[in-house]
Amino acid sequence: MTYTEAKTTEEIIMESLAVLRKNVEVTELRILKTTKGTVSGYFSDYQELADVAGEYDGKVPAIYFTLNPTKTDLLSRAANRIVQRAKNTTTDADIECRRWFPIDFDPVRPAGISSTEEEHQSAHTRAKEVQRFLTERGWSEPIVADSGNGAHLLYPIDLPNDDESTMLVKTALEALDFQFSNESVNVDKGIFNAARIWKLYGTMACKGDHTDERPHRLSQILSCPEELKEVSVEQLKSLAALCPTMQTKSKSASKKSNTEEGFNLEEFIEQHELDVAFSAPWQKDATKYVLSTCPWNESHTNKSAFIIQFKNGGIAAGCHHNSCSEENWQTLRKKFEPNWNPSSKEESKKESQADILIRVSDEAEFFQNDLGEAYAAVTLNGHKEVMKVKNKKFKMWLTKQFYDATKRAPGSDAMNQAIGVMEMKAAFEGDERRLQLRVTEKDGAFYYDLANEDWSVVKVEPNACQVLDEPPTLFTRNKNTKAQVLPDFTGDLKLLLNHIRIKNEDDQILYLIYVVTCLIPSIPHAVLVFSGEKGASKSTSMRLTRQVVDPAVQDLLTMPNSMQDLAISLANNYMPSFDNLDGLSAEKSDLLCIASTGGGFSKRTLFTDDDETLLDLRRCVGLTGINVVVTRADLIDRSIIIELDRIPEDERKEERDVWEAFEKDRARIVGGALQALANAMAIYQNVKLDKLPRMADFTRWGYAIAEVLGYGGEQFLQAYRKNRNQSNEEAISSHPVAATVVALMMENQSWSGSVASLLGELERVAEQEKINTKVKTFPRAAHILSRRLKEVKSNLEDVGITFDIRHAGDSKKVSIQKSGGNVVPIRPQQGTLKRTGTDSNEVTDNELSEDYDEFAGW
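If you want this note's numbering, it's the 1-based position in the sequence shown plus 1.
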């Protein structure tokens with residue numbers, strides 16, 4: 002759009018602020034050199050601002066406003082009004098953020114007067130050259146404005162108001178000043194501060210008297226693109242990199258050193274016919290010569306080459322093109338004077354690649370986690386990302402920093418040396434932070450990592466959820482971590498039951514509560530087990546569950562062969578889900594128990610003799626299999642086992658349709674789960690249970706969650722009780738010693754004798770009941786039987802059988818008791834058994850009697 006039609010001052014001001022401001026932001030209006038000193042006021046009502054500015058327009062040299070928005074608190078200094086002889090105006094600390102990268106083209110002329118038409122036009126010509134230059138570098142179209150005496154370009158940016166941003170803007174402006182300021186027009190490099198005041202468009206520029214030769218003119222926006230696109234941090238850094246950073250010789254340098262004192266640079270330029278586009282003063286008493294054509298590469302004709310002569314005689318030269326990154330004054334002089342050689346003192350000591358890597362890593366914040374591993378927090382695209390120092394992604398970031406600074410690639414030896422120094426910084430200079438996957442807790446609040454490119458997280462507090470765009474450093478990620486959808490906190494978790502085929506209401510309650518408890522950090526988590534025949538949608542159900550809790554690139558995993566690989570899979574996934582299992586070894590079952598309740602796994606660090614790599618495990622494990630794959634008592638006690646029915650052919654859907662329907666509900670499901678947790682947090686402290694099972698935290702939280710979901714805590718306890726009873730039956734049926742002891746006590750109230758005699762009695766009963774004794778877990782000796790009995794002691798107690806083993810002279814004596822008249826379960830033990838009857842209150846095989854209740858007293 003263009004701004005050409007004649008309008009009132011107030012209308013032009015309002016239109017200009019509508020372009021330059023996002024919504025309503027507090028802005029300072031400042032008028033200098035009035036008869037009553039500095040006039041200042043803070044405005045959130047732009048109409049009031051325009052009216053005040055209109056009263057002063059044409060009566061003062063210029064009217065200004067803060068280009069970047071001020072903090073809202075400043076409104077209390079003078080709210081939508083002005084004060085005269087203002088003592089307090091906006092400082093850099095008062096700016097909320099940086100919204101604009103301003104470029105001011107000021108014609109060279111005596112101070113205190115307006116520009117001539119020729120001077121005015123030269124500034125606009127220069128502005129067009131800079132705009133073309135930046136467009137070629139990929140910058141978007143800017144706002145083009147007339148300052149009244151010169152020209153303005155305004156590029157939108159989004160930077161925090163901090164020292165790093167200030168230095169970046171300052172250096173980028175210096176780069177433009179170096180390349181484009183000449184004897185006619187200056188690119189103002191002094192407007193880098195965040196609180197910079199700017200000409201209020203729509204008002205007159207009235208420096209000096211209005212004359213025909215030097216008239217007063219209207220400041221106004223000339224053009225504005227239909228869509229303003231922000232300039233990225235990388236583009237600003239690329240521009241800033243063009244600013245020469247040569248070091249001049251010290252004042253105390255010896256006259257014998259090659260400071261080129263007395264060297265006639267202009268004669269050298271003329272002698273070798275170097276095409277100078279223009280020369281001008283630069284920085285502190287230096288003179289710059291910008292060349293039309295690069296002397297090292299004649300195809301570089303965009304004034305990229307330069308020579309600088311400092312006051313003390315030092316000379317620097319270079320070209321902004323990457324292909325000329327190695328060129329300098331020495332190579333330029335040798336090009337035209339092949340026999341010239343600098344003295345050894347002139348050759349500056351080169352910075353090593355490792356030193357450069359360490360220097361450019363200063364932008365990173367180094368620290369270590371609670372396991373002593375080195376991490377770095379780096380700013381990318383306006384947000385902080387956490388990377389392990391030894392990981393490939395951090396090395397790639399470091400390589401980019403090196404390349405941006407040198408236009409070269411670092412060597413592997415230099416990279417390894419620098420990484421060692423950064424690990425030292427993390428260990429001895431950084432603090433210690435506990436990093437987690439997906440969920441964590443801090444200061445009484447829970448946090449859920451959305452794992453998106455903005456590194457946003459959800460903060461969960463009692464009755465409240467909110468998305469944080471600038472969260473504290475809490476999480477780490479890996480290659481398998483996938484972004485979660487933005488949650489809809491008005492959603493409903495129960496929508497998930499439209500996509501997971503669980504028919505039994507008790508199992509539905511347990512499943513939904515399991516999903517919510519997965520969002521709770523620092524508690525033991527139940528192991529979710531889906532079993533069922535082929536075509537029961539076990540794998541899809543587990544994938545859908547993981548998409549709600551912990552989305553992953555590879556959502557289902559195969560069970561690794563080695564324990565070390567299993568530990569790594571557990572460490573790298575918050576909800577590791579192992580698919581299509583036939584069984585679990587005792588060692589893997591024990592490791593899954595550790596992952597469920599929390600623990601560590603240690604392995605030797607590669608290429609070392611004594612260093613350990615520690616893996617901290619507390620995970621929400623998922624398992625699927627046709628049969629119930631958890632058979633050891635410890636793991637069964639930690640499990641929620643849900644059997645899925647085969648899907649009839651007339652109810653089957655294509656996988657694409659299943660996922661499309663789920664994705665439509667996913668934001669509401671995830672938001673509903675998080676909001677359910679927030680509501681449960683509000684009542685959790687009031688939940689008091691008289692008796693708690695092994696998974697005590699899960700049970701107490703489950704009660705609170707069931708209350709807020711509308712099921713009621715007592716119904717959850719009843720459902721959990723049934724699932725545990727059925728799981729306990731699985732534990733006994735799948736353990737040959739436990740199953741045989743139950744068979745023995747079916748017709749006995751008590752039994753007493755030596756452990757050796759008990760082994761013989763159990764072998765007899767096993768043969769009678771057709772229980773397989775050839776499996777590895779059936780003992781061959783009395784001392785092994787003692788161990789096997791201890792493995793299932795709690796499971797036997799749950800069905801009313803207790804035992805005691807004591808030394809009695811030369812042997813151990815075991816006493817077994819059956820409490821009360823409870824009927825204990827017994828089914829033939831033939832390998833791994835399949836549970837049935839989960840869709841009713843009865844099972845098809847023998848079951849605990851109705852009057853038995855392991856949760857009695859709840």
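From the three backbone atoms N, C-alpha and C, an ideal C-beta is built for every residue, glycine too.
Since we're looking at a predicted model, the values are computed, not measured.
Sequence-distant residues of its chain with Cβ nearer than 6 Å to residue i (five each side left out)
i, result
"Ser812", "Ser755"
"Asp635", "Cys594"
"Arg695", "Asp638"
"Asp286", "Lys312"
"Ser349", "Residue placement at Ser349 cannot be trusted, given a pLDDT of 43 that sits under 50; what the coordinates show is reported in the next sentence. Taken in chain order, the list of residues that qualify is empty."
"Phe856", "Residue confidence for Phe856 is low, a pLDDT of 35 falling below 50, so the modelled location carries little weight and cannot support an answer."
"Leu1", "Because the chain spans 2 through 859 in this model, residue 1 falls outside it and cannot be assessed."
Among the options, the one whose alpha carbon lies nearest that of residue i
i, options, result
"Glu374", "His384, Thr332, Gly421 and Ser353", "Gly421"
"Phe451", "Glu471, Lys443 and Ala278", "Checking the sequence shown, residue 451 turns out to be Leu, not Phe. With distances taken between Cα atoms, Leu451 lies closest to Glu471."
"Tyr156", "Arg807, Tyr449 and Pro226", "Pro226"
"Glu184", "Ala278, Ala484, Tyr515 and Lys814", "Ala278"
"Ile524", "Pro649, Phe699 and Leu759", "Phe699"
"Ser166", "Asn194, Ser141, Asn298 and Thr294", "Asn194"
"Gln818", "Asp805, Gly810 and Ala809", "Asp805"
"Asp74", "Ala87, Trp140 and Glu97", "Glu97"
"Arg218", "Ala176, Val61 and Ala744", "Val61"
"Val188", "Val145, Ser220, Val131 and Gln236", "Val131"
"Gly673", "Asp489, Leu169 and Pro143", "Asp489"
"Gly113", "Ala87, Gln180, Gly55 and Lys34", "Lys34"
"Asn628", "Ala596, Ser735 and Trp398", "Ser735"
"Phe531", "Val630, Leu266, Leu50 and Asp455", "Val630"
"Ile643", "Ser538, Val84, Tyr448 and Asp455", "Ser538"
"Val291", "Lys304, Ser300 and Trp297", "Lys304"
7 Å Cβ shell around residue i - same chain, five flanking residues per side excluded
i, result
"Gly431", "Phe367, Phe368 and Gln369"
"Lys335", "Trp341"
"Ser578", "Met543, Arg547, Asp556, Leu557, Leu558 and Gly623"
"Phe395", "Ala377, Met388 and Lys389"
"Ile670", "Gly492, Leu494, Leu496, Leu497 and Val549"
"Ile222", "Tyr4, Ser17, Val20, Ile144, Ala146 and Tyr202"
"Tyr515", "Ala527, Leu529 and Ile641"
"Lys37", "Gln85 and Arg86"
Sub-8 Å separation of residue i and residue j beta-carbons
i, j, result
"Leu469", "Ser457", "yes"
"Met560", "Leu529", "no"
"Ala707", "Tyr685", "no"
"Ser116", "Arg215", "yes"
"Ile357", "Phe403", "yes"
"Ser540", "Thr400", "no"
"Lys535", "Asp646", "no"
"Lys238", "Asn323", "no"
"Ala355", "Gln418", "yes"
"Lys483", "Pro552", "yes"
"Asp95", "Thr71", "yes"
"Ser141", "Lys230", "yes"
"Ile192", "Leu174", "yes"
"His500", "Arg620", "no"
"Leu860", "Pro737", "Residue 860 falls outside the range modelled here, since the chain spans only 2 to 859, and no answer is possible."
Same chain, Cβ closer than 8 Å to residue i, neighbours up to 5 away in sequence not counted
i, result
"Pro282", "Thr288 and Lys289"
"Arg701", "Tyr685, Val688, Leu690 and Leu693"
"Ala446", "Lys460, Val461 and Glu462"
Counterpart residues of residue i in DSSP-defined beta bridges
i, result
"Ser280", "Tyr290"
"Ala465", "Glu462"
"Asp805", "Ser816"
"Thr518", "Partner(s): none; Thr518 has no beta bridge."
"Asp105", "His153"
"Leu219", "Met205"
Legend entry - Touching by the beta-carbon criterion (3+ pairs, under 8 Å), the stretch 141 to 157 and the stretch 101 to 109: yes
Inset, instruction - Please confirm if the stretch 471 to 481 is in contact with the stretch 708 to 727, defined as three or more CB-CB distances below 8 Å between the two stretches. - result: no
Legend entry - Given 8 Å, three or more beta-carbon pairs between the stretch 19 to 37 and the stretch 67 to 80: yes
Inset, instruction - Evaluate contact between the stretch 158 to 171 and the stretch 261 to 275, counting only Cβ atoms and requiring at least three cross-stretch pairs below 8 Å. - result: no
Inset, instruction - Could you tell me whether the stretch 75 to 82 touches the stretch 44 to 56, using the rule of 3 or more Cβ pairs below 8 Å? - result: yes
Legend entry - Meets three-Cβ-pair contact criterion under 8 Å: the stretch 14 to 22 and the stretch 200 to 219: yes
Legend entry - contact_flag[the stretch 508 to 528, the stretch 720 to 735] where n(CB pairs < 8 Å) is 3 or more: yes
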